[in-house]
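Participant: Got a structure for you, written out below as structure tokens; questions coming shortly.
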Amino acid sequence: MTQLRAPSFSKTSSDAGPPSPSSANPAADALRRARLEDASNEGQDVTLEEYYRARYPKYTVGRHIELLCRELDQLGPNEALIINMPPRHSKSETVGAFIERYMGQNPDHEVMYTCYGSQLATERSRKIRNYVRTSKTFRKFFPTFRLAADQKKVTEWKTAEDGGFLASGVDGSLTGKGAHLLIVDDPIKGRKQAESGKIRQMVIDWFKGDAFTRLAPNARIIIIQTRWHTEDLTGWLLENRQDPEFGAFNWKVVSLPAIAEPTAEEADPLGRQEGEGLWPERFPSERYNGIRKLVGEYDWAAQFQQRPYLKGGNVFSDAPAEYPNVYTPQALRSLGARITVVCDQGASDSSTADFTTIEVAAHWGTGVEHRMDIIDVRRGQWDLDELLEQTLAVQKTWGVEVAIECVMNQVAVVKYLEKRGLRTNRLNPRTMGDKYTRALPASAAWNRGAIRVPKAEHVQWDRAAFVTEHARFTGTDKDKNDDQVDTTAYNWLLGEVNERPKPNRAGTIGRASTTPTGTFGGTRRARPYTPSPGAARLGQRIRSPLARSVGEDRRTLRASPSCHG
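Sequence positions in the sequence shown follow this note's numbering and run 54 to 618.
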């Protein structure tokens, strides 16, 4: 395969800037001239990928690393590159290799490396200094490179040609220092810092007032970070990179989500299809799925998909995907669709009852192929008898249980409906986080077109109000209504269950209870039941967090005994 040749980073008349202080050092000047005149120095032509493979011969070089190498190869004077990718995907190793090669090609340049803390910056500096000083691999590419004598300080060291390396945390002082190459590597330490507006602003102020002002003419900038927040350094730069204060810098962004989510407007940088992983050699889909369940949707979207959500900000697009069909129950059954029905109930005997929504959804595919169409929405301010009439009518049409929350003051309503013939799937939202967290999986599907709504001319319900409520949803107390968002969120989670498990004799998944309806197809009448070891393990077959939550253990059941009477 033909390798792309990297542009030489050795100084030219257009890239030199003002005279370096080394011009007062005759020995350094002589060494520089000798090195630049040495035509046998092949390190000037080595691509970053070639150097990376030689540097890390045992590493698995994924496609994303090859892409990073090409992008870094093309980084020129007065250019800045923003790289966003998940943790543990060799971004720091790739940038470390770039620094080593850059210093080998430009030993009279000053490099400034920064990250969230001084301790980590010191460790990275020690690793790079020791490698360029002792490695035979590095010496093969850059045989004339030398460090200056007496280089005992790990955080700041010089080359024999008066170039140098400075390592600092974002809270460190850069006064009096300069940089031909500025590296900002993960300026946010973790979630706690990311949620602090004070710390986020401190990082931005540091970049503007400390780091950026240290740049030499024709410098280069690399910002490489895992996303944490919409207003982190990357988020701020995306909004302000064209500001005149950044001068003539040309900014480029490479964003690499763990799971590809290409759209019609923006293709995946690696050309991946939807659902393909970033580094399958090290992170197969099962591992990504496990990480997603462990960290939750909020951190998954930010750290792994590089599209953080702003709590309190809009979550759903105001332009959802549409489907052109007019579905009947018979047509959906013939197509093999899975039907789910969710009721978000606000009914009471009061004349000022909250809105109740009943949403019917059809599902196709599982995993990354999961798609959901909103089929029908019924919404109104109903009393209990009206709620019973509506839910029984929907159940008669679609022949499936109605999923409904059953906690606290909802218990009496659910029992009222069940005693009058409604088959229900009782949901416990307590184990699934708040409304915002529950809505994140559905919002991600909605925004990428995996959840579709019918065309306006094909429905008799208020489609405009349905879309508007989703578009205005923030997940905070500011939301006037969110009942339709709740039903969409629950329906999506129900549809993510890949396998329809068989209920035990009590009609529940996992440990048994005496609930009369259970979950995912329980029976109307039940009797107390002592589960076998196999029945107790049934819940492990369900991948959806919703399914696990409704298969709760006895401790959770005792927390709300009236819901299972």
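Even glycine gets a Cβ: it sits at the ideal position worked out from N, Cα and C.
No experiment lies behind these values; they were computed from the predicted model shown.
Determine whether the beta carbon atoms of Ala-150 and Arg-108 lie at a separation below 9 Å.
Facilitator: Cβ distance < 9 Å, so Ala-150 and Arg-108 count as in contact.
Participant: Can you check which of these residues, Leu-101, Trp-353, Thr-540, Lys-144, is closest to Phe-408 by C-alpha distance?
Facilitator: Phe-408 has its Cα closest to that of Thr-540, out of Leu-101, Trp-353, Thr-540, Lys-144.
Participant: For the pair the stretch 337-352 and the stretch 488-504, tell me if three or more CB-CB distances fall below 8 Å.
Facilitator: Enough Cβ pairs lie closer than 8 Å, so yes.
Participant: Thinking C-alpha only, which one of Ala-213, Leu-219, Lys-144 is nearest Glu-163?
Facilitator: Closest by alpha carbon: Leu-219.
Participant: How big is the Cα-Cα spacing for Tyr-184 and Asn-544?
Facilitator: Tyr-184 and Asn-544: Cα-Cα distance of roughly 54 Å.
Participant: Taking only runs of the beta strand (DSSP E) that begin and end inside the stretch 151-203, which ones reach a length of at least 3 residues, in chain order?
Facilitator: Taking only runs of at least 3 residues, the beta strand (DSSP E) segments lying wholly in the stretch 151-203 are 163-168.
Participant: Which residue comes first and which comes last in the beta strand (DSSP E) that contains Ile-52?
Facilitator: What the structure shows of the chain is the stretch from 54 to 618, and residue 52 is not part of that stretch, so it cannot be assessed.
Participant: How many angstroms separate the CA atom of Arg-325 from the CA atom of Lys-508?
Facilitator: Approximately 30 Å, taken between the alpha carbons.
Participant: With Gly-222 and Ser-171 assumed to form a contact (beta carbons below 8 Å), what rounded beta-carbon distance in angstroms separates them?
Facilitator: Right, their Cβ atoms sit about 4 Å apart.
Participant: How would you call Leu-388, buried or exposed, if buried means at least 16 neighbouring beta carbons within 10 angstroms?
Facilitator: Exposed, because fewer than 16 other Cβ atoms sit within 10 Å of the Cβ of Leu-388.
Participant: What does the Cβ neighbour count give for Glu-454, buried or exposed, with the cut at 16 atoms within 10 Å?
Facilitator: Buried, because 16 or more other Cβ atoms sit within 10 Å of the Cβ of Glu-454.
Participant: Tell me whether Glu-552 is buried or exposed, calling it buried when 16 or more other Cβ atoms sit within 10 Å of its Cβ.
Facilitator: Bear in mind that a pLDDT of 41 at Glu-552, under 50, signals an unreliable position, so the number given afterwards is only what the model happens to contain. With fewer than 16 Cβ atoms within 10 Å of its Cβ, Glu-552 is classed as exposed.
Participant: What residue from Ser-145, Asn-131, Pro-140, Pro-130 has the CA that sits closest to Cys-122's CA?
Facilitator: Of the listed residues, the one whose Cα sits closest to Cys-122 is Ser-145.
Participant: For the beta strand (DSSP E) containing Ser-370, name the first residue and the last one.
Facilitator: Premise fails: Ser-370 is in no beta strand (DSSP E) and is neither H nor E.
Participant: Can the beta-carbon of Leu-101 be found closer than 9 Å to that of Ile-276?
Facilitator: Against a cut-off of 9 Å, the Cβ pair of Ile-276 and Leu-101 comes out as no contact.
Participant: Note the first and the last residue of the continuous alpha helix (DSSP H) segment covering Asn-342.
Facilitator: Here the alpha helix (DSSP H) through Asn-342 covers 338-352.
Participant: If you run the structure through DSSP and keep just helix, strand and coil, what is Pro-297?
Facilitator: Correct three-state label for Pro-297: helix.
Participant: If we ignore side chains and look at the alpha-carbon of each, how far apart do Asn-137 and Val-307 end up?
Facilitator: Their Cα atoms are separated by approximately 6 Å.
Participant: Would you report the Cα separation of Val-207 and Glu-458, rounded to the nearest angstrom?
Facilitator: Cα-Cα distance, rounded: 59 Å.
Participant: Could you tell me whether the Cβ atoms of Ile-236 and Arg-253 are closer together than 9 Å?
Facilitator: Taking 9 Å as the Cβ cut-off, Ile-236 and Arg-253 do not qualify as a contacting pair.
Participant: Using a 10 Å radius around the Cβ and a threshold of 16 neighbouring Cβ atoms, would you call Pro-361 buried or exposed?
Facilitator: Looking at its Cβ environment, which holds 16 or more other Cβ atoms inside 10 Å, Pro-361 is buried.
Participant: Around the C-beta of Thr-266, are 16 or more other C-beta atoms found within 10 angstroms, so that it is buried, or is it exposed?
Facilitator: Classification of Thr-266: exposed, given that the 10 Å Cβ count is below 16.
Participant: Hey, which unbroken runs of the beta strand (DSSP E) at 3 residues or more fall wholly within the stretch 461-527?
Facilitator: The stretch 461-527 contains these whole beta strand (DSSP E) runs: 477-480, 504-507.
Participant: Is Trp-281 helix, strand or coil by DSSP?
Facilitator: Trp-281 falls in the coil class under three-state DSSP.
Participant: What's the gap between the Cα of Thr-197 and the Cα of Leu-125?
Facilitator: Each residue's Cα considered, the two are about 24 Å apart.
Participant: Please identify the residue among Asn-342, Gln-443, Val-447, Val-506 whose C-alpha is closest to the C-alpha of Pro-377.
Facilitator: Among Asn-342, Gln-443, Val-447, Val-506, the Cα nearest to that of Pro-377 is on Val-506.
Participant: Skipping 5 residues on each side, what residues in its chain have a beta carbon closer than 8 Å to that of Ala-272?
Facilitator: Excluding positions up to five away in sequence, the list reads Pro-130, Asn-131, Ala-232, His-233, Leu-234, Leu-235.
Participant: Give the DSSP-derived three-state secondary structure of Tyr-376 in the structure shown.
Facilitator: Strand.
Participant: Quick check on Arg-123: does DSSP put it in helix, strand or coil?
Facilitator: Residue state, collapsed to three classes: helix.
Participant: Buried or exposed for Met-461, going by 16 or more other Cβ atoms inside 10 Å?
Facilitator: Result: exposed.
Participant: Give every residue of the same chain whose Cβ lies closer than 7 Å to the Cβ of Asp-321, excluding the five residues on either side of it in the sequence, and list them in chain order.
Facilitator: Once the five neighbours on either side are set aside, the close Cβ partners of Asp-321 are Ala-313, Pro-315.
Participant: Give me the Cβ distance between Thr-450 and Pro-373, rounded to the nearest whole Å; I'm assuming they're in contact under 8 Å.
Facilitator: That belief does not hold up - the Cβ atoms of Thr-450 and Pro-373 are roughly 24 Å apart, past 8 Å.
Participant: Figure out for me which residue from Lys-305, Leu-200, Trp-281, Ala-311 has the closest Cα to the Cα of Leu-291.
Facilitator: Here the closest residue by C-alpha is Lys-305.
Participant: Tell me which residue opens and which closes the alpha helix (DSSP H) that Asp-536 is part of.
Facilitator: Asp-536 -> alpha helix (DSSP H) spans 536-548.
Participant: If you run the structure through DSSP and keep just helix, strand and coil, what is Asp-530?
Facilitator: It is coil, neither helix nor strand.
Participant: Is it right to say Leu-286 is buried, meaning 16 or more other beta carbons lie within 10 angstroms of its own, or is it exposed?
Facilitator: Buried, by the Cβ-count rule.
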